[in-house]
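Below: one structure, written as structure tokens.
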Amino acid sequence: MTLTTRTGDTIALTSEPPAPLTGTTWTVTSLVSGSTASSLPAGTEKKARLTFGKDGSVRGTLGCNHIRGAATVTGSTITFDRIDGTRMMCPDPRMKLERALLAVLDGRAAYRIDHRALSLTAANGEGLVATAPAPDR
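So the number in this note's numbering is just where the residue sits in the sequence shown, counting from 1, plus 26.
What follows is the structure, given as structure tokens:
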């Protein structure tokens, strides 16, 4: 769609498909508790990332340690199994983020992709929001 002003200035709007769950590096941008989203702890921005593989794997970093495990996608649910990781101790803001994310990646979580945003919500209402990078043009 192209929008044109009365003076002839134009802007073209194009559609873009949603980011795929698999093969995308998702950067965690906020934590969710029930209906409330909150910023990540100070100093942890852009430190937590997840990538889902077509082979049913999940890997990434949770702000401190690297993780690898299995993730089975069924409909709008992801079931996480066998999440293993390195075991470094990090300063509290990063460990706080890691503990919150591990709680979401423990068992079954509902997921939704809205354009370039991934939402994961565990059965207890705790969750995360992550974003995908814009595609290269």
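Built from N, CA and C at the ideal position, the CB exists for glycine as well.
Distance between residue j and residue i (C-alpha atoms, nearest Å)
{"i": "Gly49", "j": "Leu76", "result": "10 Å"}
{"i": "Pro46", "j": "Thr30", "result": "32 Å"}
{"i": "Thr28", "j": "His141", "result": "21 Å"}
{"i": "Leu164", "j": "Pro161", "result": "Because the chain is modelled from 27 through 163, residue 164 falls outside the range shown and cannot be assessed."}
{"i": "Pro67", "j": "Gly86", "result": "18 Å"}
{"i": "Phe106", "j": "Gly34", "result": "53 Å"}
{"i": "Ser56", "j": "Glu42", "result": "23 Å"}
CB contact below 9 Å: residue i versus chain B
{"i": "Asp81", "result": "Although the question refers to chain B, the structure presented lacks it and comprises just one protein chain."}
Residue nearest to residue i in terms of C-alpha spacing, selected from the options
{"i": "Glu124", "options": "Thr51, Lys72, Thr100 and Asp35", "result": "Lys72"}
{"i": "Val99", "options": "Thr87, Gly89 and Ser83", "result": "Ser83"}
{"i": "Ser65", "options": "Gly153, Pro159 and Ala158", "result": "Gly153"}
{"i": "Ala126", "options": "Thr147, Ala97, Thr36 and Thr157", "result": "Thr147"}
_Secondary structure, alpha helix (DSSP H): runs of 4+ residues fully inside the segment 136-161_ = The segment 136-161 contains no whole alpha helix (DSSP H) run of 4 or more residues.
*Taking only runs that begin and end inside the segment 87-138, name each unbroken beta strand (DSSP E) of 3 or more residues, in chain order.*
92-100 and 103-111
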